[in-house]
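Trainee:
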Amino acid sequence: MADKAVKDKKEKKQKKPGRARRWFKDFFSELKKVTWPSFAKVIKQTGVVLMVTIIFMLVLMAFDTVLGLMYDALVGGLVDGTTETEAVRALGGLLGGGGALL
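For the sequence shown, the numbering used here assigns the number 966 to the initial residue and increments by one for each residue that follows.
#1: So for V1024, helix, strand or coil by DSSP?
#2: May I ask you to report which of helix, strand or coil DSSP gives T1018?
#3: Is DSSP giving V1013 helix, strand or coil here?
#4: Reducing DSSP to helix, strand and coil, say where V1007 ends up.
#5: Using a 10 Å radius around the Cβ and a threshold of 16 neighbouring Cβ atoms, would you call A1038 buried or exposed?
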């Protein structure tokens, strides 16, 4: 009875023969159906991706710089002993006069 249980487990563990070979055959068959872009097209699209990445990087750097200047103006004004209202006015002056309304 124990032999039968061990034999059943071995049969369940065995995989169908040729299954991996068939998978690779199907895999390469599908790769042959793919239409691959030309080298020139790949280079052109890579350039587009690099340009878009650089543009986004510059935009993010500009936002970071502006927000850093705003932070320095606000915190620097408070640390120097000025009141909060004066710091906000200084920040408004940095942005174009919007703080003068306070």
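Beta carbons: idealized from backbone N, C-alpha and C, even for Gly.
Mentor: Taking the geometry as given:
#1: Locating residue 1024 in the sequence shown gives position 59, counting from the first residue. Residue state, collapsed to three classes: helix.
#2: Here residue 1018 is taken as the residue at index 53 of the sequence shown, counted from 1. T1018: helix per DSSP, three-state reduction.
#3: Residue numbering aside, residue 1013 sits at position 48 when the sequence shown is read from its first letter. In this structure, V1013 counts as helix in the three-state DSSP scheme.
#4: One-based indexing of the sequence shown puts residue 1007 at position 42. It is helical.
#5: Start at 1 with the first residue of the sequence shown, and residue 1038 comes out as number 73. The residue in question, A1038, is buried, as its Cβ has 16 or more Cβ neighbours within 10 Å.
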